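Below is one structure; the comments refer to it alone.
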Amino acid sequence: MFLCGLFALCVELGVVVEVCLAGAERPNIILFLADDLGWGDLGCYGHPVIRTPHLDAFAGQGLRLTSCYAASAVCSPSRSALLTGRTPHRNGVYTWIAEGAPVHLRTTERTLPTLLRAAGYGTCHTGKWHLNGLFNQADQPQPDAHGYDWWMATQNNAAPSHHNPVNFVRNGVPVGPLEGYSALLTVDEAVRWLRSERDRSRPFFLTVWTHEPHYPIAAAAEYQALYPELQDVVQREHHANVTQLDAAFGRLMQELDAEQLTSETLVVFTSDNGPEGDGVTSPGRGSTGGLRGRKRHLYEGGIRVPGLVRWPGKVAAGAVCDVPIIGSDVFPTLLAAAGVSVPSERVLDGVNVLPVLTGQAAAVERERPLYWRLLMAPQMKSALRDGDWKLLADERLERMELYNLRVDEHETTDLREREPEKFEQLRSRLIALTAEIDAEGPDWWKTLSPNGGGVVRDEKQKNKQKKQHSGVKQGQRQQVSPSGGRKAEQQEQQ
506 MFLCGLFALC VELGVVVEVC LAGAERPNII LFLADDLGWG DLGCYGHPVI RTPHLDAFAG
566 QGLRLTSCYA ASAVCSPSRS ALLTGRTPHR NGVYTWIAEG APVHLRTTER TLPTLLRAAG
626 YGTCHTGKWH LNGLFNQADQ PQPDAHGYDW WMATQNNAAP SHHNPVNFVR NGVPVGPLEG
686 YSALLTVDEA VRWLRSERDR SRPFFLTVWT HEPHYPIAAA AEYQALYPEL QDVVQREHHA
746 NVTQLDAAFG RLMQELDAEQ LTSETLVVFT SDNGPEGDGV TSPGRGSTGG LRGRKRHLYE
806 GGIRVPGLVR WPGKVAAGAV CDVPIIGSDV FPTLLAAAGV SVPSERVLDG VNVLPVLTGQ
866 AAAVERERPL YWRLLMAPQM KSALRDGDWK LLADERLERM ELYNLRVDEH ETTDLREREP
926 EKFEQLRSRL IALTAEIDAE GPDWWKTLSP NGGGVVRDEK QKNKQKKQHS GVKQGQRQQV
986 SPSGGRKAEQ QEQQ
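Rendered as structure tokens:
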């Protein structure tokens with residue numbers, strides 16, 4: 506089923522897409538996104554305590570990525586890159602989006618659900634959205650404006666808690682109080698759509714974005730009971746919450762089996778950024794697997810995340826891949842899997858990595874290196890990775906650090922003085938790429954808060970931002986000084 510001709514042009518709401526399938530069968534596609542799940546939080550990534558039997562089994566049925574990166578170290582920017590293939594400062598979602606903030610994913614962006622729906626896919630989103638500040642209000646685009654036929658979502662966290670939330674909205678209508686835990690409720694809605702709401706004559710694109718294991722953590726007693734040896738109540742609830750997330754993922758995979766959809770469905774599982782908190786005393790007890798930094802940091806622990814891919818008959822079972830892949834790659838890769846051409850009228854930062862996932866290629870050719878920029882980061886606020894090399898820089902692109910991740914994935918030894926040629930090469934690329942992105946993306950980052958995207962009302966803060974941003978857009982040659990950076994004035998409250 507879902508057979509299409511060699512070339513087809515589909516037009517919907519002004520969107521023209523080219524479908525090139527040569528008679529191949531188009532897969533269903535699921536993009537499952539966890540929230541604040543660290544690179545080391547799953548059993549299949551080496552966690553010694555947390556139980557994740559469903560995800561571990563899933564990893565054995567497909568491909569496990571060891572150098573999978575979120576496009577940002579916080580949530581909204583990462584999500585924007587997944588749906589657009591464009592780095593956050595280019596698409597405008599430069600920080601997490603506080604409720605009421607002007608920042609949003611603009612309808613001028615071409616999104617995965619928009620393009621796939623135009624190509625004949627049914628589309629559904631369940632769970633966290635976090636791509637606008639005015640959720641379920643006419644002043645900003647909602648999920649349906651970005652191509653979703655059906656959606657049930659929250660702006661940010663499930664509230665007042667991830668247990669028995671009251672703030673879900675379904676297709677523009679508030680749902681009211683719900684009983685249960687957020688991850689399971691989110692998957693239940695996806696199952697409902699699969700069973701009774703989708704058009705079974707069409708392939709589907711389904712995004713399931715859970716709130717777990719983000720604060721405020723809420724785990725059912727049955728999952729907490731799996732960790733009687735943990736005397737630390739906070740740690741026990743966090744680990745149980747990851748297991749609860751795993752159970753929700755397992756429920757969705759079981760539904761694919763029950764509907765006999767497994768063999769024709771491409772499933773991607775990943776996370777939006779690294780784990781919250783310090784990992785020791787705060788409620789966030791997630792693991793980076795020993796990597797430096799955590800959520801909000803552009804060191805590896807803040808941006809390297811789990812990445813699992815299953816596509817029976819296409820992706821080898823039990824495979825492991827160490828090729829660096831970033832969230833913006835999801836957009837062109839899933840379009841390629843569906844036989845849909847990427848938009849040609851705009852710059853994409855992501856590339857199609859399907860040949861690597863299917864074992865047809867050993868490396869990825871990129872015009873641009875992997876790139877990150879997060880002005881609310883507590884230390885280095887820009888970074889790029891090119892091959893084994895990673896460069897980090899402060900806000901003004903003056904203080905920088907250079908690491909070889911092949912031999913130093915924990916980023917302990919700054920090589921900028923030992924490798925001056927490589928350092929200068931990457932420094933020049935970072936300055937030039939930042940200038941290119943700034944020239945295209947909206948200027949929200951210049952005038953709004955780096956922490957939440959709200960309006961900056963303090964004149965001193967406005968002047969400080971103006972001073973910090975001067976010179977960066979021109980891509981000037983900067984004097985390099987020892988690394989460092991001011992601490993973020995306020996942590997993300999999402």
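Numbering (our numbering), first residue to last: 506 to 999. Every residue gets a Cβ at the ideal spot worked out from N, C-alpha and C, and that includes glycine. Note that the coordinates shown come from a computational prediction; the quantities given were computed from them, not determined experimentally.
Out of the options, state which residue places its alpha-carbon closest to the alpha-carbon of residue i.
{"i": "LEU639", "options": "LEU910, GLY605, ASN661, PRO925", "result": "GLY605"}
{"i": "VAL960", "options": "GLY807, VAL608, LEU735", "result": "VAL608"}
{"i": "ILE808", "options": "ARG741, THR659, MET885", "result": "MET885"}
{"i": "LEU621", "options": "LYS927, VAL845, ARG921", "result": "VAL845"}
{"i": "VAL678", "options": "ALA578, PRO925, TRP656", "result": "TRP656"}
{"i": "ILE831", "options": "CYS549, ARG556, CYS573", "result": "CYS573"}
{"i": "PRO848", "options": "LEU588, GLY823, ALA562, CYS549", "result": "LEU588"}
{"i": "GLY716", "options": "ALA658, ASP644, SER701, LEU771", "result": "Looking at the sequence shown, residue 716 is not Gly but His. Of the listed residues, the one whose Cα sits closest to HIS716 is ALA658."}
{"i": "HIS651", "options": "SER577, ASP561, ALA603, PRO618", "result": "PRO618"}
{"i": "ALA1000", "options": "VAL680, VAL828, TRP894, ARG901", "result": "Beyond the ends of the chain as shown, which are 506 and 999, falls residue 1000; an answer cannot be given."}
{"i": "ARG810", "options": "THR571, HIS559, THR939, PHE563", "result": "The sequence given here places Val at residue 810; Arg does not occur at that position. That would be THR571, whose Cα lies nearest to the Cα of VAL810."}
{"i": "THR770", "options": "LEU711, PRO721, GLY812", "result": "LEU711"}
{"i": "LEU853", "options": "HIS802, PHE673, THR600, ASN596", "result": "ASN596"}
{"i": "GLY806", "options": "ALA575, GLU684, ALA937", "result": "ALA575"}
{"i": "THR616", "options": "THR600, PRO648, LEU896", "result": "PRO648"}
{"i": "GLN660", "options": "MET758, PHE673, ASN669", "result": "PHE673"}
{"i": "VAL692", "options": "ALA664, ILE602, ALA603, PHE537", "result": "PHE537"}
{"i": "TYR686", "options": "ARG697, ALA726, LYS895", "result": "ALA726"}
Would you kindly work out how many angstroms separate the C-alpha atoms of residue i and residue j, rounded to a whole number?
{"i": "ALA623", "j": "ASP899", "result": "41 angstroms"}
{"i": "TYR804", "j": "SER706", "result": "45 angstroms"}
{"i": "THR786", "j": "PRO646", "result": "39 angstroms"}
{"i": "SER833", "j": "ARG591", "result": "6 angstroms"}
{"i": "TYR728", "j": "ASP751", "result": "10 angstroms"}
{"i": "GLY551", "j": "GLY794", "result": "8 angstroms"}
{"i": "ALA723", "j": "ASP737", "result": "15 angstroms"}
{"i": "LEU953", "j": "ARG703", "result": "40 angstroms"}
{"i": "GLY855", "j": "ALA730", "result": "42 angstroms"}
{"i": "LEU481", "j": "GLU734", "result": "Residue 481 falls outside the range modelled here, since the chain spans only 506 to 999, and no answer is possible."}
{"i": "GLU850", "j": "HIS915", "result": "39 angstroms"}
{"i": "GLU876", "j": "GLY543", "result": "Inspection of the sequence shows that residue 876 is occupied by Tyr rather than by Glu. Roughly 20 angstroms between the two C-alpha positions."}
{"i": "GLU945", "j": "GLU781", "result": "31 angstroms"}
{"i": "ARG797", "j": "PRO883", "result": "13 angstroms"}
{"i": "ARG921", "j": "LYS633", "result": "40 angstroms"}
{"i": "VAL835", "j": "ARG871", "result": "14 angstroms"}
Could you pull out every residue in the same chain whose Cβ sits closer than 7 angstroms to the Cβ of residue i, ignoring the five residues on either side in sequence?
{"i": "LEU699", "result": "GLU760, GLU764"}
{"i": "VAL598", "result": "SER581, PRO582, SER585, VAL608, LEU610, LEU636"}
{"i": "VAL554", "result": "HIS744"}
{"i": "TYR732", "result": "ARG741, HIS744, ALA745"}
{"i": "VAL739", "result": "PRO788, ARG790"}
If I'm right that residue i touches residue j with Cβ under 8 angstroms, what's the distance once you round it to whole angstroms?
{"i": "ARG934", "j": "LEU889", "result": "7 angstroms"}
{"i": "ASN641", "j": "HIS719", "result": "Going by Cβ atoms, the distance from ASN641 to HIS719 rounds to 20 angstroms, so no, they are not a contact pair."}
{"i": "ILE535", "j": "LEU839", "result": "That belief does not hold up - the Cβ atoms of ILE535 and LEU839 are roughly 10 angstroms apart, past 8 angstroms."}
{"i": "PRO817", "j": "SER768", "result": "5 angstroms"}
{"i": "ALA695", "j": "THR748", "result": "Contact flag wrong, Cβ pair sits at about 19 angstroms."}
{"i": "VAL579", "j": "ASN778", "result": "6 angstroms"}
{"i": "ALA841", "j": "ARG531", "result": "In fact, because the Cβ distance is near 11 angstroms, the residues do not count as touching under 8 angstroms."}
{"i": "ASP891", "j": "ARG911", "result": "About 12 angstroms; that fails the 8 angstroms criterion."}
{"i": "GLY823", "j": "GLY565", "result": "5 angstroms"}
Can you name, in chain order, every residue of its own chain whose Cβ lies under 8 angstroms from the Cβ of residue i, other than the five neighbours on each side?
{"i": "ASP923", "result": "Looking at the sequence itself, residue 923 is Arg, so the reference to Asp does not match. Result list for ARG923: empty, nothing under 8 angstroms."}
{"i": "ASP919", "result": "GLU906, LEU907, TYR908, SER988"}
{"i": "GLY784", "result": "ARG790, GLY791, SER792, THR793, ARG799"}
{"i": "LEU689", "result": "GLN749, ALA752, ALA753, ARG756"}
{"i": "PHE709", "result": "ASN533, ILE534, TYR626, GLY627, THR628, CYS629, LEU699, ARG703"}
{"i": "TRP949", "result": "GLY597, TYR599, PRO607, VAL608, GLY958"}
Can you say whether residue i is buried or exposed, counting buried as having 16 or more other CB atoms within 10 angstroms of its CB?
{"i": "GLU929", "result": "exposed"}
{"i": "GLU539", "result": "First, the amino acid is wrong: residue 539 is Ala here, not Glu. By the 10 Å Cβ count, ALA539 comes out buried."}
{"i": "ASP541", "result": "buried"}
{"i": "GLN865", "result": "exposed"}
{"i": "GLY976", "result": "Only weak support exists for where GLY976 lies, its pLDDT of 36 falling under 50; the value from the coordinates is given anyway. So GLY976 counts as exposed."}
{"i": "THR613", "result": "exposed"}
{"i": "THR917", "result": "exposed"}
{"i": "GLU926", "result": "exposed"}
{"i": "ALA644", "result": "In the sequence as presented, Ala is not what sits at residue 644; that position holds Asp. Looking at its Cβ environment, which holds fewer than 16 other Cβ atoms inside 10 Å, ASP644 is exposed."}
{"i": "ALA527", "result": "For ALA527, the pLDDT reaches just 44, beneath the cut-off of 50, and the residue's location in the model is therefore unreliable, although a value from the coordinates is still provided. Answer is exposed; the Cβ neighbour count stays below 16."}
{"i": "PRO721", "result": "exposed"}
{"i": "PRO874", "result": "buried"}
{"i": "PRO837", "result": "buried"}
If you drop the 5 nearest sequence neighbours on each side, which residues of the same chain put their C-beta closer than 6 angstroms to that of residue i?
{"i": "VAL825", "result": "ARG569"}
{"i": "VAL814", "result": "GLY567, LEU568, VAL773, VAL820, LEU862"}
{"i": "LEU880", "result": "LYS886, PRO955"}
{"i": "THR557", "result": "LEU547, GLY548, ASP751"}
{"i": "VAL671", "result": "PRO682"}
{"i": "ARG675", "result": "MET657"}
{"i": "ARG878", "result": "HIS594, SER887"}
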